[in-house]
Structure formats: C-alpha cells, structure tokens
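Peer 1:
Chains as they are written, first to last, in this note's numbering: chain A, 2 to 415; chain B, 6 to 300; chain C, 38 to 326.
(1) Check for me: the alpha helix (DSSP H) holding residue 181 (chain A) runs from which residue to which?
(2) Just to confirm, is the Cβ distance from residue 190 (chain B) to residue 98 (chain B) under 9 angstroms?
(3) Buried or exposed for residue 131 (chain A), please, with buried defined as at least 16 other CB atoms from any protein chain shown within 10 angstroms of its CB.
(4) My output table needs one value for residue 49 (chain C): the three-state DSSP class, helix, strand or coil.
(5) Determine which residues of the region 161 to 184 of chain C have a Cβ less than 7 angstroms from any Cβ of chain A, and write them out in chain order.
(6) In chain C, which residues lie with their C-beta within 7 angstroms of the C-beta of residue 269 (chain A)?
(7) Select from the region 184 to 198 of chain C all residues with a C-beta closer than 8 angstroms to any C-beta belonging to chain B, and list them in chain order.
(8) Does at least one heavy atom of the ligand SAM sit under 8 angstroms from the Cβ of residue 357 (chain A)?
(9) Which residue from A:290, A:339 and A:257 puts its Cα closest to that of residue 223 (chain A)?
(10) Excluding the 5 residues flanking residue 249 (chain C) on each side, which residues of the same chain have their C-beta closer than 7 angstroms to its C-beta?
(11) Using the Cα positions of residue 357 (chain A) and residue 276 (chain A), report the straight-line distance between them to the nearest angstrom.
(12) Given that residue 65 (chain A) touches chain C, what residues does it touch there, using C-beta distances under 8 angstroms?
(13) Per DSSP, what kind of secondary structure is residue 22 (chain A) in: helix, strand or coil?
(14) Tell me, to the nearest whole angstrom, how far the beta carbon of residue 325 (chain A) is from that of residue 295 (chain A); I am working on the premise that it is less than 8 angstroms.
(15) Skipping 5 residues on each side, what residues in its chain have a beta carbon closer than 8 angstroms to that of residue 308 (chain C)?
(16) What residues of chain C sit near residue 117 (chain B), judged by a beta carbon separation below 7 angstroms?
(17) Which residue marks the beginning of the alpha helix (DSSP H) containing residue 302 (chain A), and which one marks its end?
(18) Specify the secondary structure class of residue 136 (chain A) as computed by DSSP and reduced to three states.
(19) Should residue 371 (chain A) be labelled buried (16 or more other beta-carbon atoms within 10 Å of its own) or exposed?
(20) Strictly under 9 angstroms for the Cβ-Cβ distance: is residue 270 (chain B) near chain C by that measure?
(21) Let me know the beta strand (DSSP E) ranges lying completely inside the region 139 to 227 of chain A, each 3 residues or longer, listed in chain order.
(22) Is residue 86 (chain A) near residue 169 (chain A), with beta carbons less than 9 angstroms apart?
(23) How would you label residue 439 (chain A), buried or exposed, when you count the other beta carbons within 10 angstroms and need 16 or more for buried?
(24) Could you tell me which residues DSSP pairs with residue 31 (chain A) in its beta bridges?
(25) Looking at residue 247 (chain C): is its Cβ nearer than 9 angstroms to the Cβ of residue 264 (chain C)?
(26) For residue 118 (chain C), name the three-state secondary structure that DSSP assigns.
(27) Quick check: what's the CA-CA separation for residue 230 (chain B) versus residue 264 (chain B)?
(28) What distance in whole Å lies between the Cβ atoms of residue 332 (chain A) and residue 338 (chain A), which are believed to be in contact at a cut-off of 8 angstroms?
(29) DSSP state of residue 278 (chain C), grouped into three classes?
(30) May I have the straight-line CA-CA distance separating residue 19 (chain B) from residue 144 (chain C), to the nearest angstrom?
(31) Considering just the uninterrupted stretch of the beta strand (DSSP E) at residue 283 (chain A), what are its terminal residues?
(32) Assuming residue 274 (chain A) is part of the alpha helix (DSSP H), what are its boundary residues?
(33) Whole angstroms is fine: what's the gap from residue 70 (chain A)'s alpha carbon to residue 127 (chain A)'s?
(34) How would you call residue 133 (chain B), buried or exposed, if buried means at least 16 neighbouring beta carbons within 10 angstroms?
(35) Can you list, in chain order, the residues of its chain with a C-beta nearer than 7 angstroms to that of residue 137 (chain B)? Leave out the 5 residues immediately preceding and following it.
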C-alpha cells in the first residue's frame, strides 16, 4: 500500500513535471560505460539513434557497486530506467520485487536480429517459468598465471590439477618475503563477494554445486572438500596473508605487480594485466580441476524494466545490441566474449592468445551460474565470506563452516 | 496600545527568525521521517507491493536478535571511542595551533591539519586499506622500527579491526572539532586571560578556568552533534571494513544498510533506524535539559 | 642597578619565550607530519603507475614521477563538469545555510519563547535517522518537487543536512557573546536584526567561518544522495566521479587519487584564505569583554 501510494505520488509528479516518459525516449541504466571510459557507449548510442531516428537513448551510468541499489531505489519511486544493465546473481532477488519484465514473448518474435539459440545460455535459463535477461557479453572465470614465478619455483608448466596448484602455491610463497602463491579476497568490504570469485570456480571445477534449484544446498561433501582444500592451502602458506581484509581490487593489483603466482578471476582481466604490466611473463589457463571441466560464467546482461512505459522501444534497442555485428563490437570494447555466439568469429579476428584460450573454454567446458537462482544472493555471499574467514582463522572446521553457511542462508531466505 | 503592539511584535520576533529554517526542514524532512516510522510498522515495504500492517512485530524481532545487540555494543564502543578521539586530538591540536607563533606558520599548520577532512569517504577508506594492508606502509614502518615482528592484518583481524576503525575515524573526524574549537577560542575575550595571568595562572590553569568555561556552549554543541553523527556514521565504516571481519565492526548503521540494501528487508531496516532515532532523541533531551539549566 | 635587574629578567623571559616557541614549532611539525602522512601516501599513489603502488617494499617517493593519472583527469571534460558542479553546490549550500541558520540561531540564542525546546528538538531530530533509510522516501519528495536530476535538488538536500548543524553551532557561538552587547546596542536604537548584523556577527565571525567550512565540506564530500538524486553526467559531483573509478574490474588508483588531489587543492586554498580572514578578524573579535 505504501509503495503504491509512493509510486502514484511520484508518477503524478513525473508526468506533470518531467518528460521522462516521453514517447520514443528510453533510458539505459548500466555500469558498462564506467568500466570502458573511452566513450564507446556514447558512440554506440549515437549509432543506434542514427538508425532509429524516432528513438532516443539516454545513457545513465552508475558505478558497478551501486547499480543494484539504484535499480531497486529507482523502481520504488517509479523513475526506473527502461533498459537495465544486469548481473546474473541479481535475477531471483529482482523477480521477487517484480522489477523485471519477462522476455519470453520478445525472444519468440521472428523479426529479431539474432537467433535465441545463438545466445550464451546461462542467463536465459528460466526461473519462475520465464526468461528475464539476455547476455550482452560473457566472461568465463579462469586462472591467470605468472609464469615467471612458476618457473622460479621450479615448475615448467602452470598447474592443471588441484594437487599441482597446492604444490606450486606453497613453492611460490616460499620464494621470498611478500610473494605468495595465490591471493584469496575474502574481505568483508563491499561487495564482499570473494567466495563467488574464487571459491565457486574451484568448487565447479571439483564437480560441486551449492544450489538445488532455488534452494540453498551448501552443506554437501563436495563443498566441504573444497573448503578443506582452501584451508589446507592456507595452512601450508600458499595463500597470501591477510585474506580476511583482502579485496578483489587489491588481489588483482598484487597479481599485476608480480607478487602472486595465480589469480582466479574473470578472463576479462587479461587485458588490464597485459596493458598495465607488459613485463609480466603472463598466461591464462582454465581453473585447475579434479577432472571436471566446468567453469563459472559471468557476464553483462540486459533486461527490461517491468514498469517501463516504452517496452517496445526498449526491445528495439536490446535487439540492436544483440545483433551479431553490434554484439561483436561491444564484446571487443570490453575485451570479453560476445553474448551472441554468432559474433565469435568477428571477435576472434585479431584477438590475442588469451582471448582465444577463453573461447576454447567457452566452447568445450560446462558453464555454471547458480547465484541467479538464489534468493538473497548478495546476502548469501556475505555469509559465505564471514564463515570462510572464521575457517581460515582456525575458529571452525570446513564441515562446521558448510553447516553454518547453510543454516544462515536458509534463515536469510525465509 | 502602542506598547501592546510592540510587545506582540517582540513576541513574534523569534518565530520570524526561525521561520525559514523550520519551513525548509519541515517541508523536506517531515514526510521522509514519518515514512521511516511508518515503514517499521509493516511486514516489508518496497519489496511487497501490498505490505501488511504488523504493529510492533518488527521491534520484537529486532530486540530478540543477538545480531542487533552486538551491533549496538559495537556502536557504543565506536561512538564513545571516536568522539573521545575527536575531542582529545581536536582540542589538543586547536590549542597547539593557536599558540603564539608567526601568523603565516599558523595558517600553514591549520590548513595542513584540516586536510583529512577534505577528501570524500571512498578515497579515505581505500587509502587506509592500502596503508593498513599486511604489506602496506604502516606494517613496513612498524617492522622497520622494530615495534612488530610479523605484519599485522589491521582490518582483517577481529581483535584489531575495531581499533583500526577508531584510528581511521579519529583521523577523519578531528579536524571538525579542531576548527570549531579554534573558532571558539577567537571569541574568548583576551582580558580574561590577562586577569588570570595577573593571578599567576599557568597554561593548564588558564585552560581549565578560562577557556573551557567560556567555550562550554560551543563544546556542548559540537559534542552533541558529533555524538549523533558518529552514532549513525555509515560510509566510512562500510567502505573501510564492511562491518567485518565476521561482524566484528558491524555497527547499527551498517546493520541498517545490510538489512535494507543487501537483504532487501526495508521494514527491518526502518526499525533499526527508528531505534537509532529513539536513542539519539533521549540523549538530546538530556542535553537540552542540561542546557536549560545552564542558561 | 634596578634597571639592569629588570633587563636581566626580560632577557630571561624572552629566552624562555623563544624556547617555548621552538618547542611548539617542533611539536607542531611532528604532529602535522603524522596527520598529513596518509595524504602524502595518497599523493604518492597519484604519482605512481599502479604496479609500483603495489610493489614491495612500499615507498613514499615514486621511482619517477608518473603524470598519467593527472593527464587523464585534466584532459577529460567530464571531470571539469564534476568539479564545477561540486563547487556550485557547495558554495550555494554554504551561503544559504549561513543566512538561514544564523537567523534561526539568533532566535534560539536571544529569546525564550513558547515551544523553543520543541523547535530545537525537531531541528536536531532531523539528524538522527540514518540517511540511508531516509533515502527512498526523500527521493520521492525530490521527484515530487520536480527537482530530480537537478543541482537544485542537491542544494536543497544538503541544506537540510547542514541547517541543523549551522543552527546548533551558531547558537553555541552566539551564546558565548555576553548579552550586555545587545542591550547596549538596543539602547542605542538598534532593531533585533540590527543587533545581529552589526554587533553579534562581527564578534562571531570565526564561528561563522568554521560553520561555513563545515557546510561546504559536507556538500563537497557527500556521495549517497548525489548518486541517487542525479542521473545525467552533467549533474554529477566529484564524489560520484571518483566512485565511477571503482569499477567491477579493478580500480584506477592513480587516476582516482589524482582527481581527489586536484579537486581538493582549490578547497585547501579557499580554506587558507578564509583562515587568514579569521586571524585578521581576531583582533576585531577580541573587542571589549
């Protein structure tokens, strides 16, 4: 009731005072233009407007850390943008608030610029019976490798299995003060998402899962095994000290500066690494596994707001973004893989070795993305962070950690 | 007749002075303040399209939640520690920088000492994260000086995190007290010091018997506001530690944010907010009564 | 004989004073260095390529000065817009809150009237709810007023944050001025407003300045509302611009620190100028007690 009243009152104001809902004008809320600062998205919008003179697109750029909050806040006041840049883990949470428009009918149209079957599949999977977002691009999680440190520690190839990874991390940490095998960013500082960056990719490579449909299933043997692996690696000194205060940002920078041997993160980091420290003897491999070729997939997704007054124009724009030609350009600008796989060939042209390797992972291995099904995804990874911190501190065993996360997650989802 | 009119205008005068301020505050903030209280009486606003009125159920949930109490305790520690830190460092530096030195030097030192205040919280938090990192400059210096043998994880160790946060908060907040106190010092009539000097008063005696009593109104005002703000200080805490490790530095404001924007439990968040309001209001009433007695 | 003795004493006192001064200078230098140290590190980060910031051992002085961060910030017109917006908003809020706040403070300080404590409690109460919970309903009010995505929306917002402070603090400063001042002026035929402007304000000048500094910095540093209440690049402020550099895929450390430093320089200069003004006003402020 409060919400409706608030919305009515805001809508009245919006229609009376601002031309927000003017026909043919759509807003695109995203963080992509903040990541890519050379004006690519302004040009993209200009190109679209030239091809569709009756539609104008307003680019609303927010820092990544604030986009999720902004979408909820804007929608509560009734000033939500029409097209939304999305992150897969937000899906279930946003559905529960009724923010997203189901896309099934749009995808079923036969005048689309792309075939639904060509799109990266993970974000399309139905939740509550519908498809809610489409992929602009995709990033598989990979392991970045500092070959210099690997060789210095006496190995000639990057690790492919868990056993090799443990051996190499300990050996690299032993090299000198300030050098560590691998960094694990388990700090509580926002976004506090270390576990989904490092723990989940390892778990998937171990054949494990943490969700059972939309129900949390954290307390299982594969999870305990993976937690045990992290704990052993930490106890053996392979992990960089200070995991409980280490942020993803610092983790990346220390790898670029040559202080850690390995970094598990999205493949898209390879361009920052090579451009910022060209001296680094760098390569990229799939996350070491126990024989399971599964990877965590991440990407930038696009959705339409349920409250949009201009859904047709919004779809026209989404349709434009997914056409193979535009999609290839967007992927290249972000140094990512395209969301429309028809664009792969165009992206492959002139791509460097690290991008080609990611394409192999994309085409051969199983993509996994579970957080999108999770109720309270963001809260759940804060819980994982806190419990893993306690485990690495020695306050609880891996089994206790798994039980604790499961219990708190269930409590949260209630 | 004339005297009645004059009396009326005199009586009306204070209202005339207060009007613009009260109108702006009332127009913009009374609705949001009311809304927050209203939110706390529903099951979940924003998320639910049709929230249900639940009375004081959210308050009951809150008061039986150990997380709330531990955040409350942390808030108390953080607030008292920060305000003490701000006051001691701020007043100390104000006295030092007000000392009898060349005016140019005075301007220079004052300006340098105000620097911690002119950067936005994101930058302050990120900068301290770098400095306090196990391989950061502070650990490096401490080890070089031989004060510690191992690098300490200042923000990641539950036993150290609150202290580190207090350090950051003190550093960030003292300039406000310093500047306010410094301005107050300029309004103390010099004759009072001269009189005290004739009586043979030393530095401390002058400070206790002249400066402090003279600046009581300023100190009270500053302390009250600093307490209220620190009690609900959000960006600096959230960006420096995120309430962690675990919940070692979780305070009521970060709990509010966590409930609202991490877990989307807006009504529970509003309930915490109202509890902050009630505590602050009780404190302010105490202060106002004290003030009334003083005048 | 007597003369020599006095002279001896003054020389002695003079020496003592000089020693004391030296002590103060040393203490100030040490303390200031400690307090400014984190800022020096910030500047150091702004002048290093990021790889050097994270290399070991950490060093305050860069190997060679790297101006890349500054170049990127100075050549991008977006950042100029952010700076201008921040200054416009900050100065407008400061001017408005000083005028409105001082008037209200005068009312509270110089009159006892029906409802004075309630009014004061209300003023302070507006500060007691964590702003993050106010955000959504407040956002609704701003949209309702048609001030969404305008600098006026921000100015008004920060005014509501700053007013309680201005009122309470100016009230405190005015309370330190003895009431005999007003009475003397009233007898001379001054109206209440005249008393405020001509008698009290000059004496309270240092207090006004510190209130102004506070108000300006509040607007200058605020981030949450600046982000929520604006959406065009043309309306964004410095803190929002800085937060844009904290990306999903890493942080532009050199650029972020460079922008912070560039943005803060004018604030620092402004503060220095204002400080001199306070020191100048000191002698005038020390009027008869």
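Glycine included, each C-beta is placed from N, C-alpha and C at the ideal position.
Peer 2: The short version:
(1) Sequence index remark: in the first chain, residue 181 (chain A) carries index 180 (1-based). Per DSSP, residue 181 (chain A) lies in no alpha helix (DSSP H); the unbroken beta strand (DSSP E) holding it starts and ends at 181 to 183.
(2) Numbered from its first residue, the second chain carries residue 190 (chain B) at position 185. Numbered from its first residue, the second chain carries residue 98 (chain B) at position 93. Against a cut-off of 9 angstroms, the Cβ pair of residue 98 (chain B) and residue 190 (chain B) comes out as no contact.
(3) Within the first chain, numbered from 1, the residue matching residue 131 (chain A) stands at position 130. It counts as exposed.
(4) Here residue 49 (chain C) refers to the residue found at position 12 of the third chain. Residue 49 (chain C) falls in the helix class under three-state DSSP.
(5) 172, 173, 176, 177, 180, 181 and 183
(6) Reading the first chain from its first residue, position 268 is the one you call residue 269 (chain A). The answer, in chain order, is 286.
(7) 193, 194, 196 and 197
(8) This structure does not include the ligand SAM; it has no bound ligands of any sort.
(9) Reading the first chain from its first residue, position 222 is the one you call residue 223 (chain A). Ranking the options by Cα distance to residue 223 (chain A), first place goes to A:290.
(10) In the third chain, residue 249 (chain C) corresponds to position 212, counting from 1. Only 131 and 135 meet the Cβ criterion.
(11) As a first step, residue 357 (chain A) must be located in the first chain, where it is residue number 356. As a first step, residue 276 (chain A) must be located in the first chain, where it is residue number 275. Those two C-alpha atoms are separated by around 17 angstroms.
(12) Stepping through the first chain from its first residue, residue 65 (chain A) is reached at position 64. For the C-beta of residue 65 (chain A), the chain C residues within less than 8 angstroms are, from N- to C-terminus, 283, 284 and 285.
(13) In the first chain, the residue the question calls residue 22 (chain A) occupies position 21. For residue 22 (chain A), the pLDDT reaches just 47, beneath the cut-off of 50, and the residue's location in the model is therefore unreliable, leaving the point undetermined.
(14) Sequence index remark: in the first chain, residue 325 (chain A) carries index 324 (1-based). Sequence index remark: in the first chain, residue 295 (chain A) carries index 294 (1-based). Contact flag wrong, Cβ pair sits at about 27 angstroms.
(15) Translated into positions along the third chain, residue 308 (chain C) becomes position 271. Counting only Cβ-Cβ distances below 8 angstroms, and skipping sequence neighbours, we find 250.
(16) Taking the second chain and counting its residues from 1, one reaches residue 117 (chain B) at position 112. Residues of chain C passing the Cβ test: 69 and 73.
(17) Residue 302 (chain A) sits at position 301 when you count from the first residue of the first chain. Counting along the chain, residue 302 (chain A) falls outside any alpha helix (DSSP H), though it belongs to the beta strand (DSSP E) covering 302 to 305.
(18) One-based indexing of the first chain puts residue 136 (chain A) at position 135. Strand at residue 136 (chain A).
(19) Position 370 of the first chain holds residue 371 (chain A). With 16 or more other Cβ atoms within 10 Å, it is buried.
(20) To locate residue 270 (chain B), count along the second chain from 1; it is residue 265. It does not; no Cβ of chain C falls within 9 angstroms.
(21) 181 to 183
(22) Numbered from its first residue, the first chain carries residue 86 (chain A) at position 85. Numbered from its first residue, the first chain carries residue 169 (chain A) at position 168. No, the Cβ-Cβ distance between residue 86 (chain A) and residue 169 (chain A) is not below 9 angstroms.
(23) A question about residue 439 (chain A) goes unanswered here, because the residues of chain A that appear run from 2 up to 415.
(24) Taking the first residue of the first chain as 1, we reach residue 31 (chain A) at position 30. Residue pairing by DSSP places residue 31 (chain A) opposite A:62 in a beta bridge.
(25) One-based indexing of the third chain puts residue 247 (chain C) at position 210. One-based indexing of the third chain puts residue 264 (chain C) at position 227. Going by C-beta atoms, residue 247 (chain C) is not nearer than 9 angstroms to residue 264 (chain C).
(26) Here the question's residue 118 (chain C) lines up with position 81 in the third chain. Helix at residue 118 (chain C).
(27) Here residue 230 (chain B) is taken as the residue at index 225 of the second chain, counted from 1. Here residue 264 (chain B) is taken as the residue at index 259 of the second chain, counted from 1. Their backbone Cα atoms lie some 26 angstroms apart in a straight line.
(28) As a working note, residue 338 (chain A) is residue 337 in the first chain. As a working note, residue 332 (chain A) is residue 331 in the first chain. A Cβ-Cβ distance of about 6 angstroms is found for the pair residue 338 (chain A) and residue 332 (chain A), placing them in contact under the 8 angstroms criterion.
(29) Walking along the third chain from the start, residue 278 (chain C) turns up at place 241. Residue 278 (chain C): helix per DSSP, three-state reduction.
(30) Mapped onto the second chain, residue 19 (chain B) falls at position 14. Mapped onto the third chain, residue 144 (chain C) falls at position 107. Spanning the two alpha carbons is a distance of roughly 5 angstroms.
(31) Locating residue 283 (chain A) in the first chain gives position 282, where the first residue counts as 1. Here the beta strand (DSSP E) through residue 283 (chain A) covers 283 to 286.
(32) As a position in the first chain, residue 274 (chain A) is number 273, starting the count at 1. Start and end: 270 to 277.
(33) For the purposes of this step, residue 70 (chain A) is identified with residue 69 of the first chain, where counting begins at 1. For the purposes of this step, residue 127 (chain A) is identified with residue 126 of the first chain, where counting begins at 1. Going by the C-alpha atoms only, they are around 24 angstroms apart.
(34) Here residue 133 (chain B) refers to the residue found at position 128 when the second chain is read from its first residue. It counts as buried.
(35) As a working mapping, residue 137 (chain B) is identified with position 132 in the second chain. So the list reads 143, 159, 160 and 169, once near-sequence residues are dropped.
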